[in-house]
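Chains as they are written, first to last, in our numbering: chain X, 12 to 325; chain G, 12 to 325.
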């Protein structure tokens with residue numbers, strides 16, 4: 012009946028919450044992510060844990076980067092983090108309680124699995140559509156992280172070999188079409204080439220400096236042709252990737268989450284399902300593509316579940 | 012210390028062997044696969060088991076088709092098999108011993124894992140390059156077959172969306188480029204279009220009616236331009252698929268087997284490794300792409316391992 016703390020470390024904010032053994036979120040605190048490296052990040056986490064109105068029995072942490080046995084290497088959205096850092100070991104020493112660390116995409120899928128749209132599935136793929144395209148897996152009823160903790164890079168599976176350039180430097184990966192950062196670059200190129208679009212006016216109207224999910228949402232609502240074209244390419248790339256994963260892994264549930272998925276709602280799951288169908292080798296009536304349910308809480312709930320599991324396993 | 016029988020049911024032959032607990036193959040028997048349906052196939056298997064010079068403690072069977080809990084549906088290369096058949100249940104009754112049934116590609120990977128080039132890996136992808144392109148997985152130290160036994164269709168992951176037509180009816184899957192049947196169709200089209208090639212002369216010289224692996228091998232040795240081009244496309248498609256699997260699953264070993272891989276030897280592993288490298292998201296020095304070791308015995312050895320595991324688990 013222990014309460015566990017879930018920590019979600021993002022490029023912008025660090026969020027900490029108490030999560031009970033029914034995966035309900037209690038007291039929560041949030042602060043901006045320091046930009047001056049691991050020491051400052053760990054200090055803020057320890058402070059936020061200290062502000063909780065109850066002492067947790069364990070801590071789980073989701074980190075935006077590759078995690079192998081508690082060690083976090085080169086998190087692309089955390090600044091001044093040049094060397095691998097043993098986040099698990101250092102935080103556990105600082106707060107004197109058991110700490111488990113996972114990659115944020117994997118941890119988010121874990122959250123949806125224990126308490127959201129993935130409940131009850133033993134073969135689950137989670138896909139996060141945001142600035143990039145992330146993923147995570149539960150296979151044979153267990154969270155799956157691979158041989159050195161690098162599993163889940165769904166966004167960097169290749170669906171159009173030799174195709175569009177991705178921010179990762181490669182070509183033709185799913186994220187080259189389905190990630191918001193790459194979609195924005197494609198929109199800029201098309202607009203510079205004279206393709207008419209309201210995307211950038213909507214961005215300015217909303218006072219944003221980027222094509223956020225809400226900008227895409229409004230442009231799609233208005234039937235903006237460029238937005239529709241790029242969005243359809245995104246859906247197609249994600250759907251083909253999902254079909255490839257179904258063919259390889261025979262998963263029975265796919266949960267779609269992330270900012271873009273949240274904004275676009277139920278339609279997205281249907282569109283992806285329809286676009287995936289022609290590429291699926293072995294159809295199954297039991298297989299479902301559904302939207303995530305926990306929104307921003309998925310990370311903290313999943314991190315807490317990871318911390319709880321680590322505590323129970325000793 | 013029990014001896015187990017491994018049964019490898021293919022479209023052409025049924026092979027049965029005794030396999031000891033160190034995965035060594037003993038007495039073996041082989042017969043043509045009957046074309047008149049499941050009853051005849053099961054009868055031949057029972058007869059072959061009866062011919063073994065020792066009574067096995069259990070039986071494992073590899074089947075060329077989807078297997079879910081012993082039930083085999085629509086094996087594409089077995090004739091007159093219109094309905095799903097409970098091969099496990101029926102065979103177990105007929106021979107009065109424990110029987111476990113798996114898909115042939117998965118079972119072959121299991122063989123390489125317990126006794127061949129996959130030994131010691133806990134995160135293994137096996138790729139079979141033959142008439143088609145098959146696959147199998149060991150994940151987190153356990154054979155992986157998916158939610159309804161349909162996992163491992165590596166050959167039907169999509170690498171060139173909208174690309175070449177595959178025999179499966181879809182476009183752009185790995186098998187469309189890397190499977191011998193599709194390579195032969197592409198060679199026929201190119202030859203009909205006037206592309207010069209010695210592939211069909213070599214086929215006739217060898218007295219074959221198909222472009223077998225040995226025909227490709229000789230044409231490549233002679234530097235036949237069409238053979239080289241189609242082979243490079245095959246290597247590229249397989250390599251991109253392997254990179255996608257590495258990115259999704261963080262496997263640490265990839266075993267390449269099947270007729271085409273056996274014929275082309277060590278070069279193939281290096282060529283695939285080189286073609287995969289630019290598409291891999293998280294490089295790892297520990298990751299290896301290697302050739303299979305057991306050749307045709309992989310199926311029987313893997314089937315026996317499956318039978319042994321089923322016996323031990325009750």
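Just so you know, even glycine gets a beta-carbon here, dropped at the ideal spot from N, CA and C.
Note that the structure is predicted; figures quoted are calculated from it, not measured.
Nearest to residue 54 (chain G) by C-alpha distance, out of G:305, G:122, G:166 and G:25, is G:25.
For the 8 Å CB-CB criterion, residue 306 (chain X) and residue 273 (chain X) form a contact. Contact of residue 242 (chain G) with chain X is not assigned, every C-beta pair being separated by 8 Å or more. Judged by DSSP secondary structure, residue 300 (chain X) falls outside any alpha helix (DSSP H) and instead within the beta strand (DSSP E) spanning 299-302. Within chain G, no residue has its beta carbon less than 7 Å from that of residue 267 (chain X); the closest one is some 16 Å off.
Per DSSP, the beta bridge partners of residue 266 (chain G) are G:137 and G:301. When only Cα atoms are considered, residue 238 (chain X) and residue 212 (chain X) end up about 13 Å apart. Beyond the five residues adjoining it in sequence on each side, residue 152 (chain X) comes within less than 7 Å, by CB distance, of 133 in the same chain, given in chain order.
Listed along chain X are 181, each with a C-beta nearer than 8 Å to that of residue 289 (chain G). The Cβ-Cβ distance between residue 303 (chain G) and residue 128 (chain G) falls below 8 Å.
Among the residues of the segment 141-162 of chain G, those with a Cβ less than 9 Å away from any Cβ of chain X are 146, 148, 150, 151, 153, 155, 156, 157, 158, 159, 160, 161 and 162, in the order of the chain.
Using a Cβ distance threshold of 8 Å, residue 32 (chain X) and residue 75 (chain X) do not count as a contacting pair. With fewer than 16 other Cβ atoms inside 10 Å of its own Cβ, residue 277 (chain X) counts as exposed. Residue 275 (chain G) carries a helical assignment under DSSP once its states are collapsed to helix, strand and coil. At a C-beta separation below 8 Å, residue 112 (chain X) has no neighbours in chain G, since its nearest C-beta there lies roughly 16 Å away.
In this structure, DSSP gives residue 108 (chain X) a state outside helix and strand, which the three-state scheme calls coil. Note on geometry: alpha-carbon atoms of residue 181 (chain X) and residue 256 (chain G) lie some 16 Å from one another.
DSSP, read as helix, strand or coil, puts residue 240 (chain G) in helix.
Contact check for residue 293 (chain X) and residue 77 (chain G): beta-carbon distance about 6 Å, within the 8 Å limit, so the pair qualifies. Taking the C-beta atoms as reference points, residue 21 (chain X) is found no nearer than 8 Å to residue 30 (chain X). Not a single CB atom of chain G sits nearer than 8 Å to the CB of residue 93 (chain X). Going by DSSP, residue 154 (chain X) is part of the beta strand (DSSP E) stretching over 153-155. Within the same chain, Cβ atoms closer than 7 Å to the Cβ of residue 225 (chain G) are found at 217 and 274, the five residues on either side in sequence being excluded.
Secondary structure note for residue 28 (chain X): its beta strand (DSSP E) is the uninterrupted segment 24-30. One finds 170, 251, 254, 255 and 290 in chain G with Cβ atoms closer than 7 Å to the Cβ of residue 169 (chain X), taken in chain order.
Interface flag for residue 263 (chain X) against chain G is set, since a Cβ pair is found closer than 8 Å.
Taking C-beta separations shorter than 8 Å and ignoring five residues to either side along the sequence, the partners of residue 161 (chain G) in its chain run 77 and 79, following chain order.
Taking 8 Å as the cut-off, the Cβ atoms of residue 241 (chain X) and residue 192 (chain X) do not count as close. Relative to residue 311 (chain G), the option among G:35, G:66 and G:189 whose CA is nearest is G:35.
Residue 39 (chain G) sits close to residue 27 (chain G), with the two beta carbons spaced by under 8 Å. For residue 55 (chain G), the enclosing alpha helix (DSSP H) starts and ends at 49-62.
Assignment of residue 91 (chain X) by DSSP, reduced to helix, strand and coil, places it in the coil class.
When C-alpha distances from residue 260 (chain G) are compared across X:155, X:261, X:298 and X:175, the shortest belongs to X:155.
For residue 159 (chain X), DSSP assigns no beta-bridge partner whatsoever. CA-to-CA, the gap between residue 298 (chain G) and residue 271 (chain G) works out to about 23 Å. Assignment of residue 85 (chain G) by DSSP, reduced to helix, strand and coil, places it in the coil class.
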